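In our numbering, the protein residues as written are 3 to 287.
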């Protein structure tokens, strides 16, 4: 079962004096690209949170945010009276102003507020880890649901290529006969007498250059392997992308060897379906 790299997960943790919101969203990327926005008081736990996320989300451009909203009286910031009074004194030397207005200006100055860094409450952090785990469960469910839609589309595209390949296999004898007839007509138009045995040998050699038997067999094998990988328990977008590249090689070779307009039209349709497959695989985990 494949998974998409696109997803979103959110979890809320309500504590007596604060509300903590965890959000995780992801987009496609070749590897895990994790961007974390964490309040300063939890920075020492960032590595633990990153490891928790990395163990669950192996690929994708991931944005993780931890937002804290204080809902009670608890605060880590306090006014620094000595600094504020000093600012007011300096401002009075520059302008005559109302005390209230000067105070408004002073509290916006650097160091007017002092922040006391509290130790992280381990019980609180355990709650945060649980909230992150809940958000990860949600984003992985989102990715799985998106993956089902991707899988359905990929199955449809692969089946379309299989049907086009069947048409190519069916018309191939007519194509070879057409090549043979064109060559014979070309020789006849020269009105020259030729050695029939030598002509037949040259004809076989020429037709072998346009033979696509190996390409048809390999493409059929690649299509079967792609469906097998698509239905496996693991989601491996890189493996599917590699198989699709090999499919493209065989389709291109069939197109270059076909020398037959009806077959080349089918090849164009196969290429179109393959491009759609490759676009979808960019978002597969």
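Ideal placement from N, C-alpha and C gives every residue a C-beta, glycine not left out. From a predicted model like this one, the values you see are computed outputs, not experimental measurements.
- When C-beta atoms of the stretch 64 to 71 are compared with those of the stretch 178 to 186, fewer than three pairs fall below 8 Å, so the two segments do not count as touching.
- Rounded to the nearest angstrom, the gap between the Cα atoms of residue 115 and residue 83 is 9 Å.
- With distances taken between CA atoms, residue 35 lies nearest to 56 out of 56, 141, 91.
- By the neighbour-count criterion, in which 16 or more other beta carbons inside 10 Å mark a residue as buried, residue 19 falls on the exposed side.
- Here the C-alpha atom of residue 132 lies approximately 46 Å from the C-alpha atom of residue 88.
- A check of alpha carbon separations from residue 283 across 25, 30, 11 identifies 30 as the nearest.
- Residue environment for residue 158: exposed (fewer than 16 other C-beta atoms within 10 angstroms of its C-beta).
- Secondary structure of residue 23 (DSSP, three-state): strand.
- Ranked by Cα distance from residue 217, the first of 180, 242, 236, 255 is 255.
- Residue pairing from DSSP places residue 37 in a beta bridge opposite 65.
- For residue 16, the pairing in a beta bridge is given by DSSP as 21.
- Per DSSP, residue 220 is one residue of the alpha helix (DSSP H) stretching across 215 to 232.
- Cβ-Cβ separation between residue 10 and residue 163: approximately 33 Å, too far for a contact (criterion under 8 Å).
- Taking the Cα of residue 262 as reference, the smallest distance to any Cα among 228, 280, 241, 212 is reached at 212.
- In the structure shown, residue 148 falls within a helical segment according to DSSP collapsed to helix, strand and coil.
- Remark: C-beta atoms of residue 238 and residue 231 approach each other more closely than 8 Å.
- Scanning the stretch 75 to 117 for uninterrupted alpha helix (DSSP H) segments of 4 residues or longer gives 83 to 96, 101 to 108, listed from N- to C-terminal end.
- Judged by DSSP in its simplified three-state form, residue 212 adopts coil rather than helix or strand.
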